[in-house]
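Chemist:
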Amino acid sequence: MNDIMDYKRVYAIALKDLKEAFSSIEVYGPMLGLPLFFSVFLPFFTVYVSQYASTQLASRIFGISSISTPENAKFLFIQYFAINILGPIFLSMPIITTSVLAADSFAGEKERKTAEALLTSPITSTELFLGKILASFVPTFIVTIAIFIIYASIINYYTLSLYSKILFPNTMWYLMLLNAPFLIGLTIGIVVVISSKVKGIKEAQQISALIALPILIMPFSIIFNIFKFDTVFLILLALSLFILDILIFYIGVKTFKKESLISI
Amino acid sequence: MYAIELYNVTKKFNNFTAIDNISFKLKKKDMLILIGPNGAGKTTLERLISGLYLPTSGDIFVLGKNTKIFSNYRNSFIGYVGENYALYDNLTVKSNLLFFSSLYKLDPNISNDRIEALLKEFNAIEFLNTKVGNLSRGTKQKIAICRALLFEPRVLILDEPTAFLDPNSAEILRRKLIELKKNTTIIYATQRLDELTRLNGKILLLNKGRKVAFGNLEEILHILNGIEVEIVVARNLSKEEIRALSDFYVYNNRIVIKLKRLADLPKIVKEISNLNLPILTINYINYELNL
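Protein sequences, first through last, are from chains A and B. Here the first sequence stands for residues 1 to 264, where the numbers follow our numbering. Here the second sequence stands for residues 265 to 555, where the numbers follow our numbering.
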């Protein structure tokens, strides 16, 4: 017998988890700090390294023989790194850091012995899972957008002042951002499902770290030219991720057992 | 219609049988007191009835609904206070209670009124804005009880709710339970024999996961071996009186007696009365099971 989903209860679960997480700097500090640090550090690093790009080096990397000036070479270098390499890294960074939150979702309730009251309340497994996923999804998505804006603003500032051009926004990054919620949803979904099945937070975090590794395939697959990240590919990727999101959520709800959250 | 029905319920954890083929029925507005030594299966049985555990075999019905469907069913009639307080340490008492009232979809104004009324009743209103992590175990227990009472459950399940309460708060809870009995089915696990006399409910005596007895206080007390009884008299005992009762442990106005059989109690009560000591209460404080 399934009841109709009640979004107010989903929201209540998510809000409670967020309040708990943001009451402790040990949790939200690394979650916000690391991506913010890299969103400032990486553009400076990119611009700095680009100053050493010569026309010969640029020709070799990009396979273009007609790079006329060192300024063009430097600009191409920034463009390549800022858009193609660092983009996917930016997408994966908040996911890695906020996986801590997702790992804590169910395993934390189990370890702190708070699940009994929650599981005897009028909440269905579907609402509980959705609430737990939402609690990790919202800060991750906000951090992703925030670090993108910071990163793009710094890069734009430099390219505008040095080469009178701006790099962001562009189609590739729009498509990257289109993929962001689905990729975040998939990662968090998998980690939340793991969290509902393991004995404690540490175990959930260790397994989650393994989950985060395949996400890094994306930037490396660009570097090594395994996949060509064009418009069609990114749209298909978004669709595939969306289907996987639903699949993982369905598996999580269907295989969820209240008993697994209660210590004997 | 019965409020709670158990049919041949067994619960196993791997090879360990925590509950072994238990059946009983409880009418609406009845109170069931679960009693038994550590590891008897009281907590497991309560978790089974609340739907937190599923039986390995057998069926449990709460208000006509099989607990097997609870996992994805909106169970809004059970109030549960487990052995863990199940409160969120990083949130304040108010945030904890408001969170649960939102799960039960109580009107925010009604929630606030009820929260304040319950906290006042249990002398915990001063902790309204205190983080739960900073509270004592006794206060956490009070808050957990308030949480369960917040939505006026039709079935209330309590696992040793007075374990960390001071005597005054324990008495407040017992009085509240007697009041709730008018409309609520209550299951109450305890290890304290004195609570059996104070609560006056049906008693299920458990041992090693098995049902030893199911009945009223008299029936249960006759099954127990080695009962410890505390008799409270109206005044402190004199040295002569203490000497006259040298077979027993005496302190201030309390006489603690170890009985092999309950049938020996009237003789001792008469002996104390003969010393002109007015008896205030007789509490069953401990017991042994040699089954």
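We put the beta carbon where it would ideally sit given N, CA and C, even for glycine.
(1) Here's a check: name, in chain order, each residue in its chain whose Cβ is nearer than 6 Å to the Cβ of Met1(A), leaving out the five neighbours to either side.
(2) Give the DSSP bridge partners of Asp284(B), in chain order.
(3) Using beta carbons (cut-off 9 Å, strictly below), is Phe353(B) in contact with chain A?
(4) Going by Cα to Cα distance, which pick from Cys410(B), Ile484(B) and Ile268(B) is closest to Glu552(B)?
(5) Looking at Leu392(B) and Ile409(B), is the spacing between their C-beta atoms short of 9 Å?
(6) Starting from the beta carbon of Ile342(B), find every residue of chain A whose beta carbon is closer than 7 Å, and list them in chain order.
(7) Compare the C-alpha of Met176(A) against each of Ala12(A), Leu244(A) and Leu237(A) and name the closest.
(8) Counting along the chain, where does the beta strand (DSSP E) carrying Glu482(B) start and finish?
(9) Within 10 angstroms of the Cβ of Asn278(B), are there 16 or more other Cβ atoms? Answer buried if so, exposed if not.
(10) According to the Cβ coordinates, are Ile451(B) and Ile536(B) closer than 9 Å?
(11) Between the segment 383–399 of chain B and chain A, which residues of the former have CB atoms less than 9 Å from a CB of the latter, in chain order?
(12) Return the CA-CA distance between Ile297(B) and Leu460(B), expressed in angstroms with no decimal places.
(13) Does the segment 335–354 of chain B come into contact with the segment 419–429 of chain B, if we say contact requires no fewer than three beta-carbon pairs (one atom in each stretch) closer than 8 Å?
(14) Just to confirm, is the Cβ distance from Lys395(B) to Asp353(B) under 9 Å?
(15) In the DSSP assignment, find the alpha helix (DSSP H) that holds Glu26(A) and state where it starts and stops.
(16) Pick from Val493(B), Leu529(B), Lys534(B) and Lys531(B): whose alpha carbon is nearest that of Pro518(B)?
(17) Which chain A residues sit within Cβ distance under 8 Å of Ser537(B)?
(18) Alpha carbon to alpha carbon, what distance is there between Phe90(A) and Lys132(A)?
(19) Can you find a C-beta in chain A that's less than 9 Å from the C-beta of Phe325(B)?
(20) Decide if Glu109(A) is buried, meaning its Cβ has at least 16 other Cβ atoms within 10 Å, or exposed.
(21) Using a Cβ-Cβ cut-off of 7 Å (strictly less than) and excluding sequence neighbours within five positions of Leu128(A), which residues of its own chain qualify?
(22) For Leu463(B), which residues from the same chain have a beta carbon less than 8 Å from its beta carbon, with the 5 sequence-adjacent residues on both sides left out?
(23) Which value, in whole angstroms, describes the spacing of the CA atoms of Ile149(A) and Pro169(A)?
(24) For Ile491(B) versus Leu523(B), is the C-beta spacing smaller than 9 Å?
(25) Who are the near neighbours of Glu71(A) in its chain, counting only those whose CB is closer than 6 Å to its CB and skipping five residues on each side?
(26) Anything in chain A within Cβ reach of Leu367(B), meaning under 7 Å, just list it in chain order.
Modeler: Reading from the atomic positions:
(1) Counting from one through the first sequence, the residue named residue 1(A) turns up at place 1. Caution applies to Met1(A), whose pLDDT of 46 falls short of 50 and renders its modelled position unreliable; the model cannot decide the point.
(2) Position 20 of the second sequence holds residue 284(B). Answer is none; Asp284(B) lacks a bridge partner.
(3) As a working note, residue 353(B) is residue 89 in the second sequence. For the sequence presented, residue 353(B) should be read as Asp rather than Phe. Yes, Asp353(B) counts as interfacial toward chain A.
(4) The count along the second sequence starts at 1 and reaches residue 552(B) at position 288. The candidate whose alpha carbon is nearest that of Glu552(B) is Ile484(B).
(5) Within the second sequence, the letter at position 145 stands for residue 409(B). Within the second sequence, the letter at position 128 stands for residue 392(B). Taking 9 Å as the Cβ cut-off, Ile409(B) and Leu392(B) do not qualify as a contacting pair.
(6) Taking the second sequence and counting its residues from 1, one reaches residue 342(B) at position 78. The answer, in chain order, is Thr120.
(7) To locate residue 176(A), count along the first sequence from 1; it is residue 176. Comparing Cα-Cα distances from Met176(A) to each of Ala12(A), Leu244(A) and Leu237(A), the minimum goes to Leu237(A).
(8) Residue numbering aside, residue 482(B) sits at position 218 when the second sequence is read from its first letter. That residue, Glu482(B), is in no beta strand (DSSP E); its alpha helix (DSSP H) goes Leu481 to Ile487.
(9) In the second sequence, counting from the first residue as 1, residue 278(B) sits at position 14. So Asn278(B) counts as exposed.
(10) Locating residue 451(B) in the second sequence gives position 187, where the first residue counts as 1. Locating residue 536(B) in the second sequence gives position 272, where the first residue counts as 1. No, they are not a contact pair.
(11) Residues passing the 9 Å Cβ filter: Lys395.
(12) If you number the second sequence from 1, residue 297(B) lands on position 33. If you number the second sequence from 1, residue 460(B) lands on position 196. Separation of Ile297(B) and Leu460(B) (C-alpha to C-alpha, rounded to the nearest whole angstrom) is 7 Å.
(13) Three or more beta-carbon pairs separated by less than 8 Å link the segment 335–354 of chain B to the segment 419–429 of chain B, which places the two stretches in contact.
(14) Sequence index remark: in the second sequence, residue 395(B) carries index 131 (1-based). Sequence index remark: in the second sequence, residue 353(B) carries index 89 (1-based). For Lys395(B) and Asp353(B), yes; Cβs fall inside 9 Å.
(15) In the first sequence, residue 26(A) corresponds to position 26, counting from 1. Glu26(A) -> alpha helix (DSSP H) spans Ile25 to Ser50.
(16) The sequence position of residue 518(B) within the second sequence is 254, counting from 1. In the sequence on display, residue 518(B) carries Arg and not Pro. For the set Val493(B), Leu529(B), Lys534(B) and Lys531(B), the Cα lying nearest the Cα of Arg518(B) is the one of Val493(B).
(17) Taking the first residue of the second sequence as position 1, residue 537(B) is located at position 273. Neighbours of Ser537(B) on chain A: none; closest Cβ ~47 Å, over 8 Å.
(18) Walking along the first sequence from the start, residue 132(A) turns up at place 132. Walking along the first sequence from the start, residue 90(A) turns up at place 90. Distance between the alpha carbons of Lys132(A) and Phe90(A): 24 Å.
(19) Position 61 of the second sequence, counted from the first residue, corresponds to residue 325(B). Judged by the 9 Å Cβ criterion, Phe325(B) is not in contact with chain A.
(20) As a first step, residue 109(A) is located in the first sequence; it is residue number 109 there, counting from the start. Around the beta carbon of Glu109(A), a 10 Å sphere encloses 16 or more other beta carbons of the protein chains shown; the residue is thus reported as buried.
(21) Counted from its first residue, the first sequence places residue 128(A) at position 128. Taken in chain order, the residues that qualify are Ile13.
(22) Position 199 of the second sequence, counted from the first residue, corresponds to residue 463(B). Closer than 8 Å at the Cβ level, and outside the excluded window around Leu463(B), lie Met295, Ile297, Arg438, Leu441, Ile442 and Tyr452.
(23) Start at 1 with the first residue of the first sequence, and residue 149(A) comes out as number 149. Start at 1 with the first residue of the first sequence, and residue 169(A) comes out as number 169. Taking the straight line from one Cα to the other gives about 10 Å.
(24) What you label residue 491(B) is simply residue 227 of the second sequence in a count that begins at 1. What you label residue 523(B) is simply residue 259 of the second sequence in a count that begins at 1. Cβ distance < 9 Å, so Ile491(B) and Leu523(B) count as in contact.
(25) Here residue 71(A) corresponds to residue number 71 of the first sequence, with the count starting at 1. Around Glu71(A), the same chain offers no residue with a beta carbon nearer than 6 Å, after the five sequence neighbours per side are excluded.
(26) Position 103 of the second sequence holds residue 367(B). The answer, in chain order, is Arg9, Ala12, Ser121, Pro122 and Ile123.
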